[in-house]
Amino acid sequence: MPLEFADTHCHLDQLGDSALEEAAGVGVTTVVAVAQEAGSMRAVLELARRFPGRVLPGLGIHPCTVTERGLDALTVDLALLAEHAPEAAVIGETGLDHKWATNAEQQAEQMHVLECHFDIAERHAKPVNLHSRRCLRQTLEHAITFHRETGLAAQMHWFTESTKLVHICNDEGIFVSAGPAILTNDQAAAVAGEIAADLLLLESDAPVPVGGVPGHPRRVREVAEKLARLRGVSLETLAEQLGRNLRRYLGPQGATDYGRAARPQRSVR
Ligand SMILES: [Zn+2]
3 MPLEFADTHC HLDQLGDSAL EEAAGVGVTT VVAVAQEAGS MRAVLELARR FPGRVLPGLG
63 IHPCTVTERG LDALTVDLAL LAEHAPEAAV IGETGLDHKW ATNAEQQAEQ MHVLECHFDI
123 AERHAKPVNL HSRRCLRQTL EHAITFHRET GLAAQMHWFT ESTKLVHICN DEGIFVSAGP
183 AILTNDQAAA VAGEIAADLL LLESDAPVPV GGVPGHPRRV REVAEKLARL RGVSLETLAE
243 QLGRNLRRYL GPQGATDYGR AARPQRSVR
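Residue numbers for the sequence shown follow the numbering used here, so the first one is 3 and each next one is one higher.
The following block contains the structure:
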């Protein structure tokens, strides 16, 4: 059986369909396509309809979008999110970003939108996918509260900056995804080595370029190979562990949708 991997955070709607086939060609057979606003929510739902089980839709409003779009557009985004949340595998990309929210008003607006995501995730029993630039600890604290209060899963995406915070994730049962940053940044690789085996997920965050290389979901394969070496496990063992982690992260309903495509008609292409 060829090894299979999942990209758990990818802006697939910003890439062509060919990206999905290219990724599958190196064993990255499942992609969680995260959205940023109304347009990309519609786009990822359409991708999930066209590629059932292979594309898992993440519905959400990116924190950078929150500061850019203003309240009127956000009202539309939030209404669409609430309406289609039952179809989502994951709620996100959501979170906080203090690079773009620099004043108290913008930060409060991001926080309000994040709380809306937590409410919707709780109502529909979905996991959340969290962005946390320049406010790592603060976002993690909200993730922990959400997870403790609801029992639902939370994922800190691209969260390989601090060993200390990863240890808190391990203690609190928060999922952490590692991406292509570990291929070029020794510090990020060392932090990724600390993520608990049963909380580890992989991601590309494509099309965001890393180390001068354009983002692509196929890079998840390289990330897996490097992590297997770092952690002293075989690639097979890592792939199995990651598959179990993804199922736990998605919860019973999401795991069923994922498993539906992950088993039979995979050989179509
Ligand atoms: Zn992203």
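Using N, Cα and C, we set each Cβ at its ideal position, and we do this for glycine too.
Span of the alpha helix (DSSP H) around residue i
i    : result
E151 : L138 to T152
I184 : A183 to T186
F120 : A106 to H126
I170 : T165 to E174
S134 : It is not in any alpha helix (DSSP H) - S134 instead sits in the beta strand (DSSP E) that spans V130 to R135.
S20  : S20 to G27
S42  : A40 to R52
Contacting residues, own chain, Cβ-Cβ under 7 Å from residue i (five flanking each side not counted)
i    : result
V225 : A180, G181, P182, I184, L185 and L204
L83  : M43, L61, G62, I63 and I122
G18  : none
V78  : A40
M3   : none
Residue range of the beta strand (DSSP E) that includes residue i
i    : result
S236 : Per DSSP, S236 belongs to no beta strand (DSSP E) and is neither H nor E.
H11  : F7 to C12
D99  : V92 to D99
V36  : V30 to V36
P65  : Note, P65: premise wrong, no beta strand (DSSP E); alpha helix (DSSP H) at P65 to H86.
L203 : L202 to L204
F177 : F177 to A180
V57  : V57 to L61
Contacting residues, own chain, Cβ-Cβ under 6 Å from residue i (five flanking each side not counted)
i    : result
V46  : D15, A35, A37 and P59
R249 : A257
G97  : P65, L132, H133, S134 and T141
V276 : For the chain, the structure presents residues 3 to 271; residue 276 sits outside this window and is missing.
G213 : T186
Q2   : Nothing can be reported for residue 2: it is not among the residues displayed for the chain, which extend from 3 to 271.
Closer than 7 Å: residue i CB and nearest ligand 1 heavy atom
i    : result
E107 : no
E95  : yes
D207 : yes
E130 : The amino acid occupying residue 130 in the given sequence is Val; Glu does not appear at that position. Flag unset: Cβ of V130 not near ligand 1.
V222 : no
V225 : no
V36  : yes
H11  : yes
H133 : yes
Proximal residues to residue i (C-beta, below 8 Å), its chain only, five neighbours per side dropped
i    : result
E196 : T165, V168, H169 and N172
Whole-angstrom C-beta distance between residue j and residue i, which should lie under 8 Å
i    : j    : result
P129 : A156 : 7 Å
G29  : E6   : 6 Å
A8   : G256 : So it is not a contact: roughly 12 Å between Cβ atoms.
H100 : R136 : 4 Å
G55  : D259 : 6 Å
P211 : C12  : Wrong, their Cβ atoms sit about 14 Å apart, outside the cutoff.
L76  : V68  : 7 Å
Cutoff 8 Å: residue i Cβ touching any chain B Cβ
i    : result
A190 : Here there is only one protein chain, and chain B is not present.
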